[in-house]
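Please read the structure below before turning to the comments.
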Amino acid sequence: MRSVAATTAMKAVILVGGLGTRLRPLTCNTPKPMIPLANRPFIEHMLLRLQEQGIEEVILAVRYLADQFRETLGDGSRLGLRVHVMEEAEPMGTAGAVKNVEHMLDGDTFIFNGDILTDLDLRAMLAFHQSKGSKTTIALTPVDDPTQFGLVEMNTENRVQRFLEKPRAEDVRTNLINAGTYIIHADMFRYVPPNQHYMFERGLFPVLLQTGDPMFGYPTRNYWTDIGRPHNYLEVNHDILIGRIQVPFPGREVRNRIWIDGETQIDDDVQLVGPLVIGAGVHIARGANIIGPTVIGARCHIGPNVTIEDAVLWEENRLEEGVSLRRCVLGRGNTVKSGTVITDGAIVSDHCQIGAENRLERGIRLWPESVIQDQSISF
Ligand code: GTP
Numbered sequence: 007m008r009s010v011a012a013t014t015a016m017k018a019v020i021l022v023g024g025l026g027t028r029l030r031p032l033t034c035n036t037p038k039p040m041i042p043l044a045n046r047p048f049i050e051h052m053l054l055r056l057q058e059q060g061i062e063e064v065i066l067a068v069r070y071l072a073d074q075f076r077e078t079l080g081d082g083s084r085l086g087l088r089v090h091v092m093e094e095a096e097p098m099g100t101a102g103a104v105k106n107v108e109h110m111l112d113g114d115t116f117i118f119n120g121d122i123l124t125d126l127d128l129r130a131m132l133a134f135h136q137s138k139g140s141k142t143t144i145a146l147t148p149v150d151d152p153t154q155f156g157l158v159e160m161n162t163e164n165r166v167q168r169f170l171e172k173p174r175a176e177d178v179r180t181n182l183i184n185a186g187t188y189i190i191h192a193d194m195f196r197y198v199p200p201n202q203h204y205m206f207e208r209g210l211f212p213v214l215l216q217t218g219d220p221m222f223g224y225p226t227r228n229y230w231t232d233i234g235r236p237h238n239y240l241e242v243n244h245d246i247l248i249g250r251i252q253v254p255f256p257g258r259e260v261r262n263r264i265w266i267d268g269e270t271q272i273d274d275d276v277q278l279v280g281p282l283v284i285g286a287g288v289h290i291a292r293g294a295n296i297i298g299p300t301v302i303g304a305r306c307h308i309g310p311n312v313t314i315e316d317a318v319l320w321e322e323n324r325l326e327e328g329v330s331l332r333r334c335v336l337g338r339g340n341t342v343k344s345g346t347v348i349t350d351g352a353i354v355s356d357h358c359q360i361g362a363e364n365r366l367e368r369g370i371r372l373w374p375e376s377v378i379q380d381q382s383i384s385f
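If you number the sequence shown the way the working numbering does, the last residue is 385 and the count never jumps.
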């Protein structure tokens, strides 16, 4: 029988201090780890996964909008964890942020980038780390086009030999990239200079290659997505809805692949085609067509004869008669007036007023509180 390593006594640090620039404007008002996936903040999906895998104590290394984390997560007990929100005065970088909380760590520690959705088996990773006598273990994932990433080369025993940042095609010898999950022994942070911006990839890891402290790569083929890339945001919601990755989202399956969370009002003559996740307090008026994979956030009002297909809406959006949404994302609290079409990768952030008979498409991005007059945008 395979021995199962114990994760319970280990602490985990989640790095959630990035600006999430690639996901703007969705991240203008909402830190990237707080953006919802299938109606639950991403960080909650992460924390639930850690809890399920036996981790009990988590430190969130936060840099901005820290109060949003405190308000949403409290002390973590709602999720069965002890959560500490630690705020940085200055951006410390990935390794610097962990150095900043070094006084809270002891022994082997799990460290996670706060923008990766994965179903990695943490106990198996820990068993690998222990069996190798490793001090630093980096989870690795294969990618199709390695030239866009930082590659990690290993020897036949999985010991890390070299890091290659965005290599030319002819220099590529592996397709394994750093998957943003690490087990690092707290002693390794003695190499990280205090109170300085310092990164793992360009700072600590190259130093460890020189000191000879054992550093191993742990390749996996688990589900893995960087939610911080805009075109991934819709995909990752779809993956959850179609079950490519199993994560618990709010709602009860009331019909085949249609999940509803709490009370909703769905009028007569509405067509619902799953997979759909619908939040509490949603009203869908007569004649609407809602086609999955689609997520509708709590308290949205979907007017008569609206069509929604392949879209993600956060909370409290108001769509008037005949609006059509297809392959797009709406943040919170937007109003879209009658007959407007939003499609083709468009992203509307929060509290925008979009007048009637507009057409938003081709990846257009609306910043918070944008106001668009009736019939003023078409392609
Ligand atoms: P982009 O601005 O879109 O690149 O996003 P990002 O800065 O969040 O992403 P990046 O891939 O550079 O960061 C990887 C992870 O490290 C993310 O989870 C970030 O939240 C986190 N991170 C990056 N820099 C810092 C930092 O200075 N402090 C802390 N606490 N976390 C950081």
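Glycine included, every Cβ here is placed at the ideal spot set by N, Cα and C.
Remember, predicted model here, so these are calculated numbers, not experimental data.
heavy atom of the ligand GTP below 7 Å from residue 95 C-beta: The sequence position of residue 95 within the sequence shown is 89, counting from 1. Answer for residue 95: no, Cβ out of range of the ligand GTP.
CA-to-CA distance, residue 326 to residue 379, given in whole angstroms: Within the sequence shown, the letter at position 373 stands for residue 379. Within the sequence shown, the letter at position 320 stands for residue 326. Distance between the alpha carbons of residue 379 and residue 326: 15 Å.
Between the CA atoms of residue 230 and residue 166 - distance to the nearest angstrom: Along the sequence shown, read from residue 1 onward, the residue named residue 166 stands at position 160. Along the sequence shown, read from residue 1 onward, the residue named residue 230 stands at position 224. So the alpha carbons of these two residues sit roughly 21 Å apart.
Residue 73 CB to nearest heavy atom of the ligand GTP below 7 Å: As a working mapping, residue 73 is identified with position 67 in the sequence shown. For the ligand GTP, not one heavy atom lies less than 7 Å from the Cβ of residue 73.
Residue 260 burial status per 10 Å Cβ neighbour count (16 or more: buried): Residue numbering aside, residue 260 sits at position 254 when the sequence shown is read from its first letter. Exposed, by the Cβ-count rule.
The ligand GTP heavy atom lying under 7 Å from the CB of residue 28: Locating residue 28 in the sequence shown gives position 22, where the first residue counts as 1. Checking the Cβ of residue 28 against the ligand GTP gives yes.
DSSP-derived helix/strand/coil call for residue 405: With the chain represented from 7 up to 385, any question about residue 405 goes unanswered, as that position is not in the structure.
Residue 124 CB to nearest heavy atom of the ligand GTP below 7 Å: As a position in the sequence shown, residue 124 is number 118, starting the count at 1. No; taking the cut-off as 7 Å, the Cβ of residue 124 has no heavy atom of the ligand GTP nearer than that.
Cβ neighbour criterion (16 or more within 10 Å) applied to residue 355: Position 349 of the sequence shown, counted from the first residue, corresponds to residue 355. The residue in question, residue 355, is buried, as its Cβ has 16 or more Cβ neighbours within 10 Å.
Residue 123 vs residue 87 beta-carbon contact at 8 Å: Taking the sequence shown and counting its residues from 1, the one referred to as residue 123 is at position 117. Taking the sequence shown and counting its residues from 1, the one referred to as residue 87 is at position 81. Going by C-beta atoms, residue 123 is not nearer than 8 Å to residue 87.
As assigned by DSSP and simplified to three states, the class of residue 312: What you label residue 312 is simply residue 306 of the sequence shown in a count that begins at 1. It is coil, neither helix nor strand.
Closer than 7 Å: residue 21 CB and nearest the ligand GTP heavy atom: Position 15 of the sequence shown holds residue 21. For the ligand GTP, at least one heavy atom lies less than 7 Å from the Cβ of residue 21.
Residue(s) in a DSSP beta bridge with residue 156: The residue given as residue 156 occupies position 150 in the sequence shown. Answer is 171.
Residue ranges of each alpha helix (DSSP H) within the stretch 99-140, 4 or longer: 99-105, 128-138
The stretch 56-75 in contact with the stretch 35-44 per 3-pair CB rule at 8 Å: yes
6 Å CB neighbourhood of residue 8 in its chain, flanking five on each side removed: Along the sequence shown, one-based indexing puts residue 8 at 2. Legend: pLDDT at residue 8 = 49, less than 50; position of this residue unreliable, no value from coordinates given.
Short CB-CB distance (under 8 Å) between residue 205 and chain B: Judged by its chain identifiers, the structure shown contains no chain B, having just a single protein chain.
Backbone secondary structure at residue 321 - three-state DSSP: By 1-based counting over the sequence shown, the position of residue 321 is 315. Coil.
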